[in-house]
Each structure stands twice: as C-alpha cells, then as structure tokens.
Amino acid sequence: MALHTFDGIIVGAGGAGLMAALQASRPDSSGKSPRIAVLSKLYPTRSHTGTAQGGIGAALGNLEDDKWEWHMFDTVKGGDYLVDQDAAEIMCREAVETVYELEHMGLPFSRTPDGKIAQRPFGGHTREFGKGPVRRSCYAADRTGHMILQTLYQQCIKQGVTFFDEYHVVDLLMKEGVTCGVAAFQIATGELHTFHSKAVLFATGGCGRMYKITSNALTLTGDGMAVVYRRGIPLQDMEFFQFHPTGIYKMGILITEAARGEGGILRNRSGERFMERYAPTLKDLAPRDMVSRAIYREVQEGRGIDGKDYVLLDLTHLDAKVIHAKLPDITDFVETYLGIDPVKQPIPIQPTAHYAMGGIPTDSDARVIVDERRSVLPGLYAAGECACVSVHGGNRLGTNSLVDIIVFGRRGGRALREYAMRAPLTSLPADPEGVTKERIARLRQGKGSETVAKIRSELQAEMMEKASVFRTKENLEQMLGIIRGLKDRYTKVRLQDTGTIFNTELLDAFELDYLLDLAQVTVTGALNRTESRGAHSREDFPKRDDANWLKHTLAYRKGDQVELKYKPVSITRFQPQERKY
Amino acid sequence: MREVAFKILRFDPEKDSKPHWESYRVELEPTDRVLDGLEAIKGSVDGSLSLRRSCAHGVCGSDAMLINGRNRLACKVLVKNVKQPIAIEPMRGFKVIKDLIVDMEGFFSKYRQVSPYLIEAGPAPEKERLQSPEERERFDDTTKCILCGACTTSCPSFWADPDYIGPAAIVQAHRFIFDSRDAGKEKRLKIMNEKEGVWRCRTVFNCVEACPRGINVTRAIAEVKQALVRGKV
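Protein chains in written order, with our numbering: chain A, 6 to 586; chain B, 51 to 283.
Right, dumping it as structure tokens:
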C-alpha cells in the first residue's frame, strides 16, 4: 500500500477542479499554503470542460446594457423555479469578476472592435426579465471551454500545483462522519494508493454515458457522484437530466447553441421554423428543455426529416465569414463526421444527453450537505457538474455550466483552504483500501460470461428509450426492472485483461458499476416525481405542480434500493410563475 | 453494418518481449470512427486492448495514434475513408507502455519548459485588459493546440534527436510570444534559441500534415524563427 498525506485532495482536473486547486494552494503573504494534490483519471487537459463551445455567461454589458439580476432571473426561470435563489444570486453576481479573472489569467477571449471581451446571445438569456435576447455569453470562438481548461492548467503549472495524473479515485475515506481522504488506483501500474487528507473536493463531472446518444466523453461515468453515494451521502435532483437539442444525428456530438445564437434556425421536414409555434418570443433560443421537447414532438407527429427521428439546424442563410470566424470547430465537426459544409447544407440533429442538473448536494461554498436540515459533512466538498448547489434547478441555461465551475470551483477552493488550514487530520479508518481490494478481487475472479461492453450498451439503449426527454410511469417502472437485471448480470462479468498495467477493462468495469447506480437513482427520482418541470417531463403528468413538487429530491442508498427524501427550495427574489418564452 | 478489418500493433509488457501485429474483424457502420472500431474490438473481441480516449470528437487529444502510417486522432477518422485492413500503431518516438498507450511524460515536461502561461506586464486592471481583434487574431491559430502529441511524434528531427523540444512546445511558446498581453517574450525566445530549440526544425511539414486541429505548425515555427532573427515580435 502506498500512502500519501496532504491537507487537501481535489478529485478531477476539469474547470472546477483546477479552479479549486488554484485557490486552495495559493500561498498567502508569508508564502504559506496548504499541501494540495489534484488526482485525475485523465491528463488534466483531456477533461471534458475542454469540449464546452459557446461561452460563459456574465453580465459584463460590453455590447448592450446588462445586469446580473437579469442573469439571475433567467437562471431561475430557466431552471423552472427549482433553482436555489440564494446560490443563483451568488453565481450571477460573481460571474462578472470571475470572467475578468480568467481574462487576467490570459484566457484569449474573442474581442469587440474596442478590445473588450466579445459577447453573444444564448438560449434563455434575456434583458429586462424576459423582454428579448441579450448578448451575455463571453466567448473564445466556439472553443471557450478549451481555452478555460488550457488557461487554468497553465496557471496550475505556474503555481506549481501537485498533480497525480491517471489516478482513478474509487473510494471516499471517512471516520466517524469526518472526511479523511480517498483511495485510488494508479492506472499505469494497477497499484492502490491511500491519500490521507483533511479535506476532499470532488469535481469529477457528469454521467451522460448512461445514455446512448450523448455529447459526453466516454469517461463521463459519474464516478464522484457514485463514490459518495455509496458512502451514504445523498444525491440531489438526479431525475433532471438535460438533453441538448442539437447533437449530430446518431452520434450525439454537440453543435453549440451559439450556432443558434449567431442566427441558426431549426427546421422540420416541410422547412418550417417550428420553434415559432412553441416559443413565440425567443423562438430557436428558448431554453434547451423546451427546444428538445419541441423536436421530439415534431418527430412524433411525423414532421421529422423523411419521417425519421431528426430535424435540421439551418445555418445556410448566415454569412460564410461569420460561420468560419465564430463557429470554426463545429464547421470542422460537421465536415469530418457528416461530410457536410454547413455554409451550404443544413445539419441533421437530434437531442443529445448533455448535462446532469443533479448531483452531490452542496451549499454555496461547495460544502457537501447530507440531509434536508442542511447538515454539513466536515471536510467534504463538491463543485461543477458532479455537484448540485442548486443553481440549475430543473434545467440549466447554456453557458451556466462554465459559470458554475468557475464560481463554485473558486468558492470551494477557498472554503477548503480555510478548513484545511485549521482542521486536524483525522486518523484513517482500519484497512482504508479494504473495500476497493474486495471490488477488484471480485472482478478479477469473475467467472461468468458477461462483458462490460454488453451490459453498458444495453443500459444506454434502454435509458435512451425509457428515461430521456419524455417519461411515463410505465416506462420508468420497466426501466427499474431492467436496471435490476443488469446489476445482477454485472456480478457475472468476466474480464479478459488479467494484467495490472493500464488495465482499462478494469477501469471500464468500475465505471459501469457507477453508471448502473446513477441510472437507478435517476429513474427512481423520475418515477416518484409526478409532475413535469424543466427537463423532467412526464407524459402522464404534463403540468408543473408547485403545490406538491416545488422541492428538491434527495436520494439515499439503502442496500440495493433507493430511498427518497425531499427538501425545500430557497426562494428569495422571484416567485414561481408560469414559464413562457 | 459491414465487416471492417483492422490490424493492431499489440504489446503487453507483462507478457510480450516485443510488439506484434494482431488482426481483427468487427461489424461497423461506414460512418463509424476508427475509435468506434477499436472500442468494438475491446468490447466484443479482446477486452485487454488498451488505448487512451475520452471526448471522441477530436477535442481532448487523448487518442492520437498511427492510422495507416499517419498520425491521426482515432476519433476524427471515419472507417469509410481509410484503406483496410486499417493498420493501428502507437505514436513513434515515445516509449510504448502498453498497446497504443505511450509515455507522455517527456512531452509534457517540454511543454512546461516554455513557461506556458501568461506573464503579466503589470497589475491587472479592474475589468479586462484590452486587446484589439487584430491583436487577438495574431495568435489565434496556436490557441487551438490540444497537446495530443501528433505533431511532435511525426517530426523526423524529433525522431533523430529526442531532446529536441519539438513542434508542440514551440506552438505553445508561439501562443504567448505573439499575445499582446504577454511580457515574457524575451524569456521564451531565449528558450527557443537554445540548441534543442526552434533551429532543430528542418521545415519538413510533417507536423502540419499531422495536426488534427489544422494548426499551421510550420508557419508558427517560422514566425518564432523570424522573431529571433529580427530580435522582435
């Protein structure tokens, strides 16, 4: 057993993890800083933040009047009023200073003619509380996430942050209800490592790989969420999963909302701009949940292209120069994967599983809270997509994922630092790697005939069919049965790779285990929530029901079952209203 | 669906003394990526096949490898566009750890050598630093780099001299040298001027051919050379 001791461990090296690491490890005026290490199952620059395209929302007002209060209103309304408004207020206010901070770090934003950070319209972002679209998304061409990830990693190098690259964290260590580290295996050697620490911050991203059509990386398997869930910590609002309207047909690769921000239009088989019927004011720039539902409806009613399950994203009326300057990456994707020039031909798209609004419940300092009374678990933090603050409520607005990782990564890093400077190091539990060793041994000794790939693809296909944009009681109940069956089959997995060096099949098996848990939580929450709100749309309960359901779900693991509890939503400035665009 | 033939240079350090070719056939759609083929082989034929991959659409830089003798990202090549059997090998010039996985440590250490971060000229203003669209455009191309290693491992100068800092690190240096906000030009140009720096480049253009992000790497290197000759950017 290899043992490392640090003041704080950050798990995950995307935007939230790197931002937290920068804050947590920054030396004070006397040069002192806590000892922090970042663990990631990838090289940091491979993290999924790098794929974010369209921009980061902040009311800089560089091109027209804008206010953080409008951004907050849009966030709350976009989230169908399930957003915790105290947290949304912090996010939208601090978005402004954190975007400037990113620029100071060197982020190469696109620029306005007078040299300021360029901004463009994005879905659901409006001026004056819904009057019309506003240019709020700060962007670097259509690779804003890439530039954020690169810039933060560059700053980590400058600051000398300690990294353990390609270490897969598989367990959270706690003693008497206090955090004391993580267990991880080093992928290159297969060796187990114990990281003993006062504090741990999870920033492991999302879990889109539970669905067949997804924009998410192959590595987005909800590891952090599942690891803490298995340690008795609840997951919040997991039934809210965002389907982004414009994924490349059959592949799910994301075509940024900025394509519509720049003037792109969705069309059905008769060429009709159908969003005019669903959202008369914002049209194609309505929030993602509404646009995805509209596309599903068009397809259901036979207006998909050639009667199939896709529609078209039309950019052909835009100036070729605009497309090449502002959307170069998606032009490349469309050319590479479809052989289409978006200047000349519309792009076949379908909704793609994109973002988990739910996750590990936290307060606005990224401290993990474990119950409906908002009790904090000492030393444990979460930020970014794996966390649920909740600033996205039932449906996240475009650009707000980048705002979330930067603002709450930063706050979480600061809070962790403050805690790690004063808290004692709790002793490790007996045999800290025991649980992990057992899991590995079980997998290595598996004698059945099942494979990870087979179970995974069945899970993904069934979730897409039964628990995606539209849901019904019948489908969700069936899905729970399917998950039970798949979990049973998982115990019969046999690995072909018996080695220790880069045993990526073992890694895949751990990840599938997590996806099965998270799918079960998602479906259980969705079945119980008998209303439609944000991205959770029940055909058998088509209306939002504030009287009964204006509350957050907390899902706990109880043996092989999921136990649900609920907690209230924080409402400060904006009372729930009917959501029209 | 149709059957697609692959041959893959396999190496398991726990079993093999040297790499060897293995052949595979899997059912794929013509629109599938080479990466889909490798995942299908791993999923249904041999679970021990090892490779790095993540985003699967050419942005994260994990899956650079030799595909029919050229450095490509497996997620950016469609099977219908390459000759069969599709020959897959690890990138050249780095130590092979297992199958298609190579040791990237040296690559990242060279990246770190160029001080790849903005060096500020003075205290930051309250809002953003101003930069004109033209100034921003000056280094746009080199901001696209995803550190996949395809350029460096396609470079004959690097094969001949593994201490050569390599095109990827020069691209990163370029990204800052030509950024109007950066005050570290002299420091970086000095590193570029060293023995293993930019003068090792023989303008073979393999890097341009290899770059999955379409960066004109050779032009970036030439611009750094010119800056050294002129003594200014």
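Just so you know, even glycine gets a beta-carbon here, dropped at the ideal spot from N, CA and C.
Quick caveat: nothing in here was measured; it's all calculated off a predicted structure.
Contact criterion: CB-CB distance below 7 Å. Does residue i meet it with respect to chain B?
i, result
"A57(A)", "no"
"A325(A)", "no"
"P351(A)", "no"
"G195(A)", "no"
"L223(A)", "yes"
"Q483(A)", "no"
"D502(A)", "yes"
"L44(A)", "no"
Tell me whether residue i is buried or exposed, calling it buried when 16 or more other Cβ atoms sit within 10 Å of its Cβ.
i, result
"E69(A)", "exposed"
"P175(B)", "exposed"
"T496(A)", "exposed"
"K130(B)", "exposed"
"E53(B)", "exposed"
"W554(A)", "buried"
"E303(A)", "buried"
"G364(A)", "buried"
"D176(A)", "buried"
"E89(B)", "buried"
For residue i, decide whether its Cβ has a neighbour in chain A, counting only Cβ atoms nearer than 7 Å.
i, result
"T193(B)", "yes"
"G234(B)", "no"
"S288(B)", "A question about residue 288(B) goes unanswered here, because the residues of chain B that appear run from 51 up to 283."
"Y74(B)", "no"
"L197(B)", "yes"
"P166(B)", "yes"
"P262(B)", "no"
"R122(B)", "no"
"V109(B)", "yes"
Below 8 Å CB to CB, which residues in the same chain sit around residue i once its five sequence neighbours on both sides are set aside?
i, result
"R238(B)", "V164, S165, A223, F226 and I227"
"V84(B)", "I117, R122, A124, C125, V127, L128, V129, V132, I136 and I138"
"K148(B)", "F61, D62, P63 and S100"
"F248(A)", "R293, D294, S297, P356, T357, A358, H359, S473, V474 and A540"
"G156(B)", "F144 and P212"
Looking at the structure shown, is residue i part of a helix, part of a strand, or coil, going by DSSP?
i, result
"Y167(B)", "coil"
"N256(B)", "helix"
"A146(A)", "coil"
"L88(B)", "helix"
"Q525(A)", "helix"
"H151(A)", "helix"
"S45(A)", "strand"
"R188(B)", "coil"
"G83(A)", "helix"
"H109(A)", "helix"
"L448(A)", "helix"
"Q566(A)", "strand"
"N273(A)", "coil"
"L180(B)", "coil"
"A106(B)", "coil"
"I300(A)", "helix"
"K54(B)", "Looking at the sequence provided, one finds Val at residue 54(B) rather than Lys. Residue state, collapsed to three classes: strand."
"P383(A)", "strand"
"A284(A)", "coil"
"C97(A)", "helix"
"D12(A)", "strand"
"R140(A)", "strand"
Cutting at 6 Å between CB atoms, please list the residues of its own chain near residue i, excluding the five before and the five after it.
i, result
"A218(B)", "C201 and T202"
"P69(B)", "L59 and F61"
"P129(A)", "A small correction: the amino acid at residue 129(A) is Gly; Pro does not occupy that position in the sequence shown. Taken in chain order, the residues that qualify are D79, G83, P292 and L402."
"A145(A)", "P113, F114, S115 and M152"
"A222(A)", "H53"
For residue i, which residues from the same chain have a beta carbon less than 7 Å from its beta carbon, with the 5 sequence-adjacent residues on both sides left out?
i, result
"S112(B)", "R102, R103 and S104"
"L512(A)", "H173 and I192"
"T103(A)", "I411, V412 and R415"
"M280(A)", "L271, K288, D289, A291, V296 and A299"
"L385(A)", "T184, V205 and V373"
"K452(A)", "R499"
Write down every uninterrupted run of the alpha helix (DSSP H) in the stretch 318–376 of chain A whose length is 4 residues or greater and which is fully enclosed by it, in chain order.
-> 325–331 and 333–343
Go through the stretch 402–431 of chain A residue by residue and report every complete run of the beta strand (DSSP E) that reaches 3 residues or more, in order.
-> none
Note down, one range per segment and in chain order, each alpha helix (DSSP H) of at least 4 residues found wholly within the stretch 192–270 of chain A.
-> 228–234 and 263–266
Identify every run of the alpha helix (DSSP H) within the stretch 457–540 of chain A, keeping only runs that are complete inside it and at least 4 residues long; order them along the chain.
-> 457–471, 478–495 and 509–533
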